[in-house]
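Undergrad: I am attaching a structure below and will ask some questions about it afterwards.
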Amino acid sequence: MADRILVLDAGTTSTRAMVFAPDGTLEGVAQQEITQHYPEPGWVEHDASEIWDKTLACACEVVGGDAGRIAAIGITNQRETVVAWDKTTGEPLARAIVWQDRRTADFCAGLKDYGYEETVQKRTGLLLDPYFSGTKMRWMLDHCDAVREAEQAGTLAFGTVESWLVYKLSGGTHVTDASNASRTLLLALDGEQFDEGLCEIIGVPRATLPEVVDTHGRIAVARPECFGSEIPICGLVGDQQSATIGQGCLSFGETKATYGTGAFVLTNKGQEIPRSANRLLGTVLYQEKGVRTYAIEGACFVAGSLVQYLRDQLGLIGNAAETEALARSIPDSGEVVIVPALAGLGAPHWRPDARGVISGLSFASGKAQLARAALEAMAHQTHDLASAFAADGAPWSRLRIDGGMSANNWMAQDLADILDIEVERPDFVETTALGAAILASVGAGFHPSLAAAAQAMRGSSTCFVAKMDEDVRRDRLARYARALSAA
15 MADRILVLDA GTTSTRAMVF APDGTLEGVA QQEITQHYPE PGWVEHDASE IWDKTLACAC
75 EVVGGDAGRI AAIGITNQRE TVVAWDKTTG EPLARAIVWQ DRRTADFCAG LKDYGYEETV
135 QKRTGLLLDP YFSGTKMRWM LDHCDAVREA EQAGTLAFGT VESWLVYKLS GGTHVTDASN
195 ASRTLLLALD GEQFDEGLCE IIGVPRATLP EVVDTHGRIA VARPECFGSE IPICGLVGDQ
255 QSATIGQGCL SFGETKATYG TGAFVLTNKG QEIPRSANRL LGTVLYQEKG VRTYAIEGAC
315 FVAGSLVQYL RDQLGLIGNA AETEALARSI PDSGEVVIVP ALAGLGAPHW RPDARGVISG
375 LSFASGKAQL ARAALEAMAH QTHDLASAFA ADGAPWSRLR IDGGMSANNW MAQDLADILD
435 IEVERPDFVE TTALGAAILA SVGAGFHPSL AAAAQAMRGS STCFVAKMDE DVRRDRLARY
495 ARALSAA
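This is the structure we're talking about:
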């Protein structure tokens, strides 16, 4: 019986394929790392062919030659990363520019100087920052001969990673879902399709962009060449929106934070278009039959990638799991504070020129102090976001957390202590993939609504309650504020 959901989770550092049962049980997973290319400081690139090849390989591994049991495919992806390909050949025209990439900072500054940011923010819910997809597309047109030539020939296709995967799976369907489209600077939050005026401001031809579709429903069909038989694609969603759905944050005001490569907090705003006075973002959470549910979002660019930096660049740890034992081995960080602005500062500061800071070093500072300070940085950044959300009229009463870093019990407790609220972590922390499974199950008709699917497919959770003395909390935040001013 075809009742399983195949989820393709195309992340920043790896791509995965996962098979879910109707009750949300994970039955199989295959994963491969994605090569990170850093051609210049502040530049981050991926090979789009590698993303496709490894995603397909993972999918074939978990399907295992039994495509008949797969009822639908759900896709979730690293957002804002841009792929350019040729419609006639189906091949990439340049390396994909990753969401972390900062090469368009000067272009964004120029648009601000021309006075465009207020218009862009009002219409898209976003700020003029290199983070978003549109300016990456413009950079490709300006600097990549193959991209420019394809545009002139009328064969250029732009898309984010889910769009690229659908194109390859289907053999030519060029679509994007509303959640990913809302991260481009090219979609008005109340607009059905990409906006000609916004495209003109950024300098991206509307004809190169995909059709904007719902996040769930029968969106496209994977061709038989991929798995041996046709499989409908019934869910598309950006990774952070997917995690929000996977956490069951389907009612107004419910909030989740995902700690993966970066840290991303979303609060459900229902059908109210978000307007932030504190440099938070408005985004589409999901779209069903043309009706949108929105979220307000804060994004920190560096979270798990800071631990990866300690491991790969500094050689202080052998694996990420060591950080919890190191943090517990000492009573405090010895006044060491890390501001993890290795890719600039995201919300609510939005300083692409900021650089990382380690302060408070002494001869007593060792790898334990640095590891603990790295974990503490997660709570410090999240506290900055909590203050901005509260100022925008969206205070948190509880925070649901997920992502790879959330498995660290010390960090989860530190979040509760610094935020002074209850922190809830599901026992199954891979809620990004679960959210895509929930969407695809509704899109395939297994459940009548997202709420019903979430109730059926979500499991139990663990809660962390604040225990920190107020004086300790105040001192920690004051030290972080001083370090932040140096970033």
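Note that the sequence shown covers residues 15 to 501 in this note's numbering.
C-beta atoms are modelled at their ideal positions from N, C-alpha and C, and glycine is treated no differently.
Note that the coordinates shown come from a computational prediction; the quantities given were computed from them, not determined experimentally.
Kindly indicate which residue of R369, S343 and F315 has the alpha-carbon position closest to the one of M392.
TA: Nearest option by C-alpha distance: F315.
Undergrad: Identify the continuous beta strand (DSSP E) that holds C158 and give its terminal residues.
TA: Taken as a continuous stretch (DSSP letters only), C158 belongs to no beta strand (DSSP E), as it is neither H nor E.
Undergrad: From the DSSP output, in three-state form, read off R414 for me.
TA: Three-state result, R414: strand.
Undergrad: Considering only the alpha carbon of each residue, which of I89, M154, T133 and V97 lies closest to T118?
TA: Comparing Cα positions, the closest option is M154.
Undergrad: Measure the alpha-carbon distance for L294 versus E311 and round it to whole angstroms.
TA: About 6 angstroms.
Undergrad: Should Y52 be labelled buried (16 or more other beta-carbon atoms within 10 Å of its own) or exposed?
TA: Exposed is the call here.
Undergrad: Select from I245, F121 and L299 the residue whose C-alpha is nearest the C-alpha of D80.
TA: Here the closest residue by C-alpha is I245.
Undergrad: Going along the chain, which residues of its own chain have a beta-carbon closer than 7 angstroms to the beta-carbon of A357, five neighbours each way excluded?
TA: Excluding positions up to five away in sequence, the list reads Q114, R116, F315 and V316.
Undergrad: In the DSSP assignment, find the beta strand (DSSP E) that holds F478 and state where it starts and stops.
TA: F478 -> beta strand (DSSP E) spans S475 to F478.
Undergrad: In the DSSP assignment, find the unbroken alpha helix (DSSP H) run with R487 in it and report its ends.
TA: R487 -> alpha helix (DSSP H) spans E484 to S499.
Undergrad: Please list the terminal residues of the continuous alpha helix (DSSP H) segment that includes D23.
TA: Note, D23: premise wrong, no alpha helix (DSSP H); beta strand (DSSP E) at R18 to A24.
Undergrad: Closest to V235 by C-alpha separation, out of S256, S184 and G262, would be which residue?
TA: Checking every option, the nearest Cα to that of V235 belongs to S184.
Undergrad: Starting from the Cα of D406, find the closest Cα among K283, H461 and S347 and give me that residue.
TA: Nearest option by C-alpha distance: K283.
Undergrad: Between T133 and T297, what straight-line distance do the alpha-carbon atoms span, to the nearest angstrom?
TA: So the two alpha carbons sit approximately 16 angstroms from each other.
Undergrad: Under 9 angstroms, do F403 and E436 count as touching if we go by C-beta distance?
TA: Cβ atoms of F403 and E436: not closer than 9 angstroms.
Undergrad: Short of 6 angstroms in beta carbon distance, which residues of its chain neighbour E268, apart from the five on each side in sequence? Order them along the chain.
TA: Counting only Cβ-Cβ distances below 6 angstroms, and skipping sequence neighbours, we find N282.
Undergrad: Give the straight-line distance between the Cα atoms of L142 and L125, rounded to the nearest whole angstrom.
TA: Distance between the alpha carbons of L142 and L125: 8 angstroms.
Undergrad: Assign Y273 to one of two classes, buried (16 or more other C-beta atoms within 10 Å of its C-beta) or exposed (fewer than that).
TA: Buried.
Undergrad: Could you tell me which residues DSSP puts in a beta bridge with I111?
TA: E59 and V96, per the DSSP bridge assignment.
Undergrad: Leaving out five residues before and five after C263 in sequence, what residues of the same chain have Cβ atoms less than 6 angstroms from its Cβ?
TA: K270 and N282.
Undergrad: Among all the DSSP beta bridges, which residues are the ones paired with I216?
TA: None, per the DSSP bridge assignment.
Undergrad: Suppose you measure from the CA of A470 to the CA of I87; what does that come to, to the nearest Å?
TA: Answer to the nearest angstrom: the Cα atoms are 18 angstroms apart.
Undergrad: Can you pull the DSSP bridge partners for A313?
TA: Answer by DSSP bridge pairing, in chain order: F278.
Undergrad: Assign L280 to one of two classes, buried (16 or more other C-beta atoms within 10 Å of its C-beta) or exposed (fewer than that).
TA: The residue in question, L280, is buried, as its Cβ has 16 or more Cβ neighbours within 10 Å.
Undergrad: Using only CA atoms, which one of L70, E47, V76 and A16 lies nearest to L40?
TA: Of L70, E47, V76 and A16, the residue nearest in Cα terms is V76.
Undergrad: Are the CB atoms of P354 and L375 nearer to each other than 9 angstroms?
TA: No, the Cβ-Cβ distance between P354 and L375 is not below 9 angstroms.
Undergrad: Report the option in A62, S28, D37 and E64 whose CA atom is closest to the CA atom of E47.
TA: Taking only the C-alpha atoms, the option nearest E47 is S28.
Undergrad: Whose CA, out of Y145, A450, A202 and D489, lies closest to the CA of C248?
TA: Of the candidates Y145, A450, A202 and D489, the one whose C-alpha sits nearest the C-alpha of C248 is A450.
Undergrad: Within the same chain, show all residues whose beta-carbon is closer than 7 angstroms to that of D428, passing over the 5 residues directly before and after it, in chain order.
TA: Only L389, E390 and A393 meet the Cβ criterion.
Undergrad: With 16 other CB atoms within 10 Å as the buried threshold, where does S177 fall?
TA: Under this definition S177 is a buried residue.
Undergrad: Determine the direct distance from the alpha carbon of E59 to that of I65, and round the result to whole angstroms.
TA: Those two C-alpha atoms are separated by around 12 angstroms.
Undergrad: Helix, strand or coil for P144? Go by DSSP, reduced to three states.
TA: DSSP places P144 in coil when its eight states are reduced to three.
Undergrad: Based on the DSSP output, what are the partners of H397 in its beta bridges?
TA: In the DSSP output, where bridge partners are listed per residue, H397 has none listed.
Undergrad: Please go through the same chain and pick out, in chain order, the residues whose beta-carbon is closer than 7 angstroms to the beta-carbon of L340, but skip the five residues on each side of it.
TA: Hits under 7 angstroms: K381, A382, A385 and R386.
Undergrad: When we look at the beta-carbon of N422 and count the other beta-carbons within 10 Å, is it buried (16 or more) or exposed?
TA: So N422 ends up on the buried side.
Undergrad: Would you report the Cα separation of I216 and R152, rounded to the nearest angstrom?
TA: Taking the straight line joining both Cα atoms gives about 7 angstroms.
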